[in-house]
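K.L.:
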Amino acid sequence: MTDPIKIYIPKETSACSVGSDFIAEKINLLTQEHKHISIVRNGSWGAFWLEPFVEIEINGKRTGSSYINKDISQLSSIEEFLDDFNKSKPFNILETEFIKQQTRLVFSRIGLHDPLDLDEYFNSGGYKGLEKSFEIGQQKTIDEIKKSGLNGRGGAAFPTAIKMQTVFDQEAKTKYVACNADEGDGGTFSDRLIMECDPYSLIEGMTIAAYGVGASHGYIYLRSEYPLAKYFLTEAIQILKSKNLLGKDILGKKFTFDIELRIGAGSYVCGEETAMMESIEGKRGLVRSKPPLPAIKGLFNKPTLINNVITLASLSAILMQGKDIFSQFGSGKSVGTMPFQLCGNIKQGGLIEVPFGITLNEMIYDFGAGTLNDKPVHAVQIGGPLGIYLPVHLFNTPLTVESLIDLKGSLGHGGVIVFDDSTNMTLQAKFAMDFCQKESCGKCTPCRIGSVRGVELIDKIYNGTAVKEDRILLEELCETMETTSLCAMGGMTPNPVRSIMKYFPNEMTN
Amino acid sequence: MFTAWTEALKNGHQTIDNFKLSIKQIIQPFVTVKGGLIPALHKVQKEFGFLNKESIKTLAKSFNISDAEVIDVITYYDDFKLEKQGKYIIKVCQAEACQSLGCRELWDTLRSHFQLEQDETSKDYLVTLKEVFCLGNCALSPSVMINKDVIGKANPEKILAYLSTRQNNSKND
Numbered sequence: 001m002t003d004p005i006k007i008y009i010p011k012e013t014s015a016c017s018v019g020s021d022f023i024a025e026k027i028n029l030l031t032q033e034h035k036h037i038s039i040v041r042n043g044s045w046g047a048f049w050l051e052p053f054v055e056i057e058i059n060g061k062r063t064g065s066s067y068i069n070k071d072i073s074q075l076s077s078i079e080e081f082l083d084d085f086n087k088s089k090p091f092n093i094l095e096t097e098f099i100k101q102q103t104r105l106v107f108s109r110i111g112l113h114d115p116l117d118l119d120e121y122f123n124s125g126g127y128k129g130l131e132k133s134f135e136i137g138q139q140k141t142i143d144e145i146k147k148s149g150l151n152g153r154g155g156a157a158f159p160t161a162i163k164m165q166t167v168f169d170q171e172a173k174t175k176y177v178a179c180n181a182d183e184g185d186g187g188t189f190s191d192r193l194i195m196e197c198d199p200y201s202l203i204e205g206m207t208i209a210a211y212g213v214g215a216s217h218g219y220i221y222l223r224s225e226y227p228l229a230k231y232f233l234t235e236a237i238q239i240l241k242s243k244n245l246l247g248k249d250i251l252g253k254k255f256t257f258d259i260e261l262r263i264g265a266g267s268y269v270c271g272e273e274t275a276m277m278e279s280i281e282g283k284r285g286l287v288r289s290k291p292p293l294p295a296i297k298g299l300f301n302k303p304t305l306i307n308n309v310i311t312l313a314s315l316s317a318i319l320m321q322g323k324d325i326f327s328q329f330g331s332g333k334s335v336g337t338m339p340f341q342l343c344g345n346i347k348q349g350g351l352i353e354v355p356f357g358i359t360l361n362e363m364i365y366d367f368g369a370g371t372l373n374d375k376p377v378h379a380v381q382i383g384g385p386l387g388i389y390l391p392v393h394l395f396n397t398p399l400t401v402e403s404l405i406d407l408k409g410s411l412g413h414g415g416v417i418v419f420d421d422s423t424n425m426t427l428q429a430k431f432a433m434d435f436c437q438k439e440s441c442g443k444c445t446p447c448r449i450g451s452v453r454g455v456e457l458i459d460k461i462y463n464g465t466a467v468k469e470d471r472i473l474l475e476e477l478c479e480t481m482e483t484t485s486l487c488a489m490g491g492m493t494p495n496p497v498r499s500i501m502k503y504f505p506n507e508m509t510n
Numbered sequence: 001m002f003t004a005w006t007e008a009l010k011n012g013h014q015t016i017d018n019f020k021l022s023i024k025q026i027i028q029p030f031v032t033v034k035g036g037l038i039p040a041l042h043k044v045q046k047e048f049g050f051l052n053k054e055s056i057k058t059l060a061k062s063f064n065i066s067d068a069e070v071i072d073v074i075t076y077y078d079d080f081k082l083e084k085q086g087k088y089i090i091k092v093c094q095a096e097a098c099q100s101l102g103c104r105e106l107w108d109t110l111r112s113h114f115q116l117e118q119d120e121t122s123k124d125y126l127v128t129l130k131e132v133f134c135l136g137n138c139a140l141s142p143s144v145m146i147n148k149d150v151i152g153k154a155n156p157e158k159i160l161a162y163l164s165t166r167q168n169n170s171k172n173d
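Here the protein sequences come in this chain order: Y and D. Numbering-wise (our numbering), the first sequence opens with residue 1 and increments by one. Numbering-wise (our numbering), the second sequence opens with residue 1 and increments by one.
1. Pull up the CB-CB distance for LYS128 (chain Y) and MET320 (chain Y), whole angstroms please, since I reckon it's below 8 Å.
2. Curious, which full-length beta strand (DSSP E) runs of at least 3 residues does the stretch 54-139 of chain Y contain?
3. State the Cα-Cα distance for the pair SER416 (chain Y) and ASP114 (chain Y), rounded to the nearest angstrom.
4. Return yes when the Cβ of ASP258 (chain Y) is within less than 8 Å of the Cβ of GLY218 (chain Y), no when it is not.
5. Since GLY450 (chain Y) and LEU477 (chain Y) should fall inside the 8 Å C-beta cutoff, what is the C-beta to C-beta distance between them, to a whole number of angstroms?
6. Can you confirm whether THR13 (chain Y), when its beta carbon is compared against all beta carbons of chain D, has any partner nearer than 8 Å?
7. Taking the alpha carbon of ASP117 (chain Y) as the reference point, which residue from Y:SER108, Y:PRO159, Y:VAL40 has its own alpha carbon closest?
8. Less than 8 Å between the C-beta atoms of TYR221 (chain Y) and ASP185 (chain Y), yes or no?
9. Within 8 Å of any Cβ in chain D, is that where the Cβ of PRO227 (chain Y) sits?
10. Give the DSSP-derived three-state secondary structure of ALA4 (chain D) in the structure shown.
11. Leaving out five residues on either side along the sequence, give the residues of the same chain with a beta carbon under 7 Å from the beta carbon of GLY43 (chain Y).
12. Return no unless some Cβ of chain D is closer than 8 Å to the Cβ of GLU25 (chain Y).
13. Secondary structure at THR423 (chain Y), three-state DSSP: helix, strand or coil?
14. Could you work out which residues of chain Y lie near VAL73 (chain D), taking near to mean beta carbons separated by less than 8 Å?
15. Would ASN168 (chain D) be called buried (16 or more neighbouring beta carbons within 10 Å of its own) or exposed?
16. By how many angstroms is the C-alpha of LYS130 (chain D) removed from the C-alpha of THR121 (chain D)?
17. From the beta carbon of GLU96 (chain D), is the nearest beta carbon of chain Y less than 8 Å away?
18. Secondary structure at LEU245 (chain Y), three-state DSSP: helix, strand or coil?
19. Which one or two residues does DSSP pair with THR207 (chain Y) in a beta bridge?
20. Between the stretch 38-66 of chain D and chain Y, which residues of the former have a C-beta closer than 9 Å to a C-beta of the latter?
21. Tell me whether VAL467 (chain Y) is buried or exposed, calling it buried when 16 or more other Cβ atoms sit within 10 Å of its Cβ.
22. For the putative contact between GLY384 (chain Y) and HIS413 (chain Y), defined by C-beta atoms under 8 Å, what is the C-beta separation to the nearest angstrom?
23. Under 8 Å, do GLU57 (chain Y) and SER20 (chain Y) count as touching if we go by C-beta distance?
24. Hey, ALA313 (chain Y) and PRO303 (chain Y): beta-carbon distance below 8 Å or not?
25. Of all Cβ atoms in chain Y, is any one closer than 8 Å to the Cβ of TYR77 (chain D)?
26. What does LYS24 (chain D) touch in chain Y if you count any residue whose Cβ is under 8 Å from its own?
27. To which residues of the same chain is TYR121 (chain Y) closer than 6 Å at the C-beta, ignoring the five residues directly before and after it?
28. Note down, in chain order, every chain D residue with its Cβ under 8 Å from the Cβ of ASN59 (chain Y).
29. At a cut of 8 Å, does the stretch 261-277 of chain Y reach the stretch 20-33 of chain D through at least three beta carbon pairs?
30. State the DSSP-derived secondary structure class of ASP124 (chain D), mapped to helix, strand or coil.
31. Identify which residue in Y:LEU105, Y:GLY409, Y:GLU144, Y:PRO391 has its Cα closest to the Cα of ASP421 (chain Y).
32. Going by the beta-carbon positions, is the gap between LEU387 (chain Y) and ASN495 (chain Y) smaller than 8 Å?
33. Just to confirm the assignment, what range does the alpha helix (DSSP H) spanning THR166 (chain Y) have?
34. Under the three-state reduction of DSSP, which class applies to GLU131 (chain D): helix, strand or coil?
35. Measure the beta-carbon distance from GLY46 (chain Y) to GLY350 (chain Y) and round it to whole angstroms, keeping in mind my assumption that it falls under 8 Å.
36. Can you round the beta-carbon distance between ILE461 (chain Y) and THR426 (chain Y) to whole angstroms, since I take them to be within the 8 Å contact cut?
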């Protein structure tokens, strides 16, 4: 009798973008006659430079090998494939420095299994969080989250429990939970990874949040650029409905909760919570003035809890394992772990979940192994298109919510983009304004017009036609946009521009 | 603006009335959904490739709003199209992570190869070229999305090879 063999081939956007679907098709063909071999389409481990990363489990031992730049189309039998695999020095990914140096609390399941395998989800503590929440009741659920110290991971780092308490305290028959899955920041993909590799944890987290605040209907607002995440969420919602984990009387309790998946239509601003609500309501994604806060008057004028994907997925982990798993790390606004997304010009890019306080040097060299093209690192942009560019001499700053605010920036959604020394920083500054010009919702003038003027001014600097007054004008423009824009789009677009003027002054030339 | 709508009529919709009827059926499930206009627009566009004058009129009537209000929503969102699009919609990421590995050059090369500018469609309706900002594949930059497939570590050769494989497969079908 031959030992059963499991071959894991990831089904996740990044892995598929470098050919994992093709490998799966080929192996599927080769294993037609081999009943002892099964193929599992798992999620990705988030170590993207290894993708497509194929693993084989035999006798409980699981090892993997990178199939990047490897052509398997000529293989004629599965024996040949296995032979080739064994010769490639396969290793256990859990023993790599990249994974070993991480503290994966929210991303503890990614890569392990078929993301839609509900039994595996249960086996790894799935729905223990919701059970706990049901056991302790609504207020204590919110208290537990408060004690964990969790702040929103979407970008604004607002205390999650305060939002929940506000929604809970509203006297209203109808309340909503809305998950912001419009992950539009350049250089971020952590929400996508959760949705593609562990969708149940997001849905369980949403269910906990809904129970906590007393909502019976939820929305996931997913950007249209993520078709694979749409597939996984659609399937996951279907499966959970069929198992009574969504819908009426969840886990036998008198609690009803449904989730509707809404797909965006290519607008960056719809990731701003009030614009997102407009879009869910079927309108143009124009930003609303605040107050009223969404927690008091949100979707369809009802109290609405709006959280980012990672924030909601964190609730499952916190309720399952207790508040301490988060509160043991960090202080202030930077409590728990943060999923950083290391990308751009980097050898080993991917998902890095670690406690706050890691430095850019540690991230770039200990995790990332330097730039992809071996050129010196010149700058890092942190926190998406509204985030600041940092020069090498600040790479020892511990990354926390507070330290980035001190640097007049924002940790945002945790994107870290590495640039080498061939980067033209003036063009990067221009792009910040250009992006704002293209994505502004147009409601307020400083954002709509200011960004156009910003592009023009930086263009002058780039072309060498700027006079001294133009630089002063650019600084004044930044101040106007910052202080008078309706939302963070116009208000924070000056951040990258100013950081380049401050830290790369000699490069802000033609 | 709506010059290409007659194209849809060729696809088995013999008369305008028939066309309106089939759109009505498509959007029916969304009419009672709160905020159902955007899902309805997605569905109509998926079926017909773009949103023409007749579909706008039908949507307006079904949702009990004016034509202008439907157009108001359509024109806000990048994904919604008033013109027929190419068989392959090539979205080239131009966001920061991809910039760090040369997406601007990739964009220039593809523009000159296809002789298309931003958001233009080739005359044979084979290719639409678009710049987009972030496909969420930032650790394997630069990224390009063709219809629903993301191509990581993209270069012009990879894009053209992908297109020719697809074209050959669709000819053999």
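The beta carbon of each residue, even a glycine, is placed where N, CA and C say it ideally should be.
P.N.:
By the coordinates alone:
1. Position 128 of the first sequence, counted from the start, is the residue given in the question as residue 128 (chain Y). Position 320 of the first sequence, counted from the start, is the residue given in the question as residue 320 (chain Y). Rounded to whole angstroms, the Cβ separation of LYS128 (chain Y) and MET320 (chain Y) is 4 Å, and the two are in contact under 8 Å.
2. Within the stretch 54-139 of chain Y, the complete beta strand (DSSP E) runs of at least 3 residues are 61-66.
3. Stepping through the first sequence from its first residue, residue 416 (chain Y) is reached at position 416. Stepping through the first sequence from its first residue, residue 114 (chain Y) is reached at position 114. Here the sequence assigns Val to residue 416 (chain Y), which means Ser is not the residue at that position. In a straight line, the C-alpha of VAL416 (chain Y) is about 28 Å away from that of ASP114 (chain Y).
4. Sequence index remark: in the first sequence, residue 218 (chain Y) carries index 218 (1-based). Sequence index remark: in the first sequence, residue 258 (chain Y) carries index 258 (1-based). The answer is yes: Cβ separation under 8 Å.
5. Along the first sequence, one-based indexing puts residue 450 (chain Y) at 450. Along the first sequence, one-based indexing puts residue 477 (chain Y) at 477. With 8 Å as the limit, GLY450 (chain Y) and LEU477 (chain Y) qualify as a contact, their Cβ atoms being about 6 Å apart.
6. Here residue 13 (chain Y) refers to the residue found at position 13 of the first sequence. With 8 Å as the cut-off, THR13 (chain Y) counts as an interface residue toward chain D.
7. Here residue 117 (chain Y) refers to the residue found at position 117 of the first sequence. Considering only alpha carbons, the answer is Y:VAL40.
8. On the first sequence, position 221 is the one that residue 221 (chain Y) refers to. On the first sequence, position 185 is the one that residue 185 (chain Y) refers to. Cβ atoms of TYR221 (chain Y) and ASP185 (chain Y): not closer than 8 Å.
9. By 1-based counting over the first sequence, the position of residue 227 (chain Y) is 227. Closer than 8 Å to some Cβ of chain D, the Cβ of PRO227 (chain Y) qualifies, so yes.
10. Reading the second sequence from its first residue, position 4 is the one you call residue 4 (chain D). In this prediction, ALA4 (chain D) scores a pLDDT of 44, lower than 50, which makes its location untrustworthy; no coordinate-derived value is stated.
11. Residue mapping note: residue 43 (chain Y) aligns to position 43 of the first sequence, counting from 1. Hits under 7 Å: PRO10, GLU12, ILE110, GLY111, PRO115, GLU196, CYS197, ASP198.
12. Locating residue 25 (chain Y) in the first sequence gives position 25, counting from the first residue. No - not a single Cβ of chain D is within 8 Å of the one on GLU25 (chain Y).
13. Counting from one through the first sequence, the residue named residue 423 (chain Y) turns up at place 423. Judged by DSSP in its simplified three-state form, THR423 (chain Y) adopts coil rather than helix or strand.
14. The residue given as residue 73 (chain D) occupies position 73 in the second sequence. Simply GLY282, LYS283, ARG284.
15. As a working note, residue 168 (chain D) is residue 168 in the second sequence. Classification for ASN168 (chain D): exposed.
16. For the purposes of this step, residue 121 (chain D) is taken as residue 121 along the second sequence, with counting starting at 1. For the purposes of this step, residue 130 (chain D) is taken as residue 130 along the second sequence, with counting starting at 1. C-alpha separation (whole angstroms): 9 Å.
17. Indexing the second sequence from 1 puts residue 96 (chain D) at position 96. Closer than 8 Å: yes.
18. Numbered from its first residue, the first sequence carries residue 245 (chain Y) at position 245. Secondary structure at LEU245 (chain Y): coil, using DSSP grouped into helix, strand and coil.
19. The residue given as residue 207 (chain Y) occupies position 207 in the first sequence. THR207 (chain Y) is not bridged to any residue.
20. Cβ contacts with chain Y: ILE38, PRO39, ALA40, LEU41, HIS42, PHE63.
21. The residue given as residue 467 (chain Y) occupies position 467 in the first sequence. By the Cβ-count criterion, VAL467 (chain Y) is exposed, with fewer than 16 other Cβ atoms from all chains shown falling within 10 Å of its own Cβ.
22. The count along the first sequence starts at 1 and reaches residue 384 (chain Y) at position 384. The count along the first sequence starts at 1 and reaches residue 413 (chain Y) at position 413. With a Cβ gap of about 6 Å, GLY384 (chain Y) and HIS413 (chain Y) count as contacting.
23. The count along the first sequence starts at 1 and reaches residue 57 (chain Y) at position 57. The count along the first sequence starts at 1 and reaches residue 20 (chain Y) at position 20. No, the Cβ-Cβ distance between GLU57 (chain Y) and SER20 (chain Y) is not below 8 Å.
24. As a working mapping, residue 313 (chain Y) is identified with position 313 in the first sequence. As a working mapping, residue 303 (chain Y) is identified with position 303 in the first sequence. Cβ atoms of ALA313 (chain Y) and PRO303 (chain Y): not closer than 8 Å.
25. Reading the second sequence from its first residue, position 77 is the one you call residue 77 (chain D). For TYR77 (chain D), the answer is yes, since a Cβ of chain Y falls inside 8 Å of its Cβ.
26. Your numbering for residue 24 (chain D) matches position 24 in the second sequence. Counting only Cβ-Cβ distances below 8 Å, LYS24 (chain D) has no contacts in chain Y at all, with the closest Cβ about 18 Å away.
27. In the first sequence, counting from the first residue as 1, residue 121 (chain Y) sits at position 121. Contacts found: TYR200.
28. Taking the first sequence and counting its residues from 1, one reaches residue 59 (chain Y) at position 59. Result: empty, since nearest Cβ-Cβ is about 33 Å, beyond 8 Å.
29. Touching, no.
30. One-based indexing of the second sequence puts residue 124 (chain D) at position 124. Per DSSP, reduced to three states, the secondary structure at ASP124 (chain D) is coil, with no helix or strand assignment.
31. Against the first sequence, residue 421 (chain Y) aligns to sequence position 421. In this structure, Y:PRO391 is the residue among Y:LEU105, Y:GLY409, Y:GLU144, Y:PRO391 with its C-alpha nearest to the C-alpha of ASP421 (chain Y).
32. Working through the first sequence from its first residue, we reach residue 387 (chain Y) at position 387. Working through the first sequence from its first residue, we reach residue 495 (chain Y) at position 495. Note that residue 387 (chain Y) corresponds to Gly in the displayed sequence, not to Leu. Going by C-beta atoms, GLY387 (chain Y) is nearer than 8 Å to ASN495 (chain Y).
33. Here residue 166 (chain Y) refers to the residue found at position 166 of the first sequence. Start and end: 160-169.
34. Looking up residue 131 (chain D) in the second sequence gives position 131. Residue state, collapsed to three classes: strand.
35. To locate residue 46 (chain Y), count along the first sequence from 1; it is residue 46. To locate residue 350 (chain Y), count along the first sequence from 1; it is residue 350. Taking C-beta atoms under 8 Å as the contact rule, GLY46 (chain Y) and GLY350 (chain Y) qualify, at a distance of about 5 Å.
36. As a position in the first sequence, residue 461 (chain Y) is number 461, starting the count at 1. As a position in the first sequence, residue 426 (chain Y) is number 426, starting the count at 1. Between THR426 (chain Y) and ILE461 (chain Y) the Cβ distance is about 6 Å, and since that is below 8 Å, they are a contact.
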